[in-house]
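Presented below is the structure to which this report refers.
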Amino acid sequence: MNKISYLLISSLLLSATVYTAIVLLGSSDHLELLRALRIVLVPGLLCLLFFALLGLSVYMFIKGKNMGKPKKHVRFR
Numbered sequence: 012m013n014k015i016s017y018l019l020i021s022s023l024l025l026s027a028t029v030y031t032a033i034v035l036l037g038s039s040d041h042l043e044l045l046r047a048l049r050i051v052l053v054p055g056l057l058c059l060l061f062f063a064l065l066g067l068s069v070y071m072f073i074k075g076k077n078m079g080k081p082k083k084h085v086r087f088r
């Protein structure tokens, strides 16, 4: 697929998302919607932050462990 196809699919998905948001906001109470989003998004963001920090700490631990080792010399013939 070429670049135009990706842009076309992206614009169609964006327009469907905007239409869904408009229908959702028109058919529900705004305070209840915000409360539900807070209930769903806050634990999800905290879980994402937890795994990102865990991955970063493991990466830094492994990188720090390998810092003191001498590099192996590779000879090219």
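Residue numbers for the sequence shown follow the working numbering, beginning at 12 and rising by one.
Beta carbons: idealized from backbone N, C-alpha and C, even for Gly.
Collapsed DSSP secondary structure at residue i in the structure displayed
i      : result
Val-85 : coil
Met-78 : coil
Ser-22 : helix
Ser-68 : helix
Ser-16 : helix
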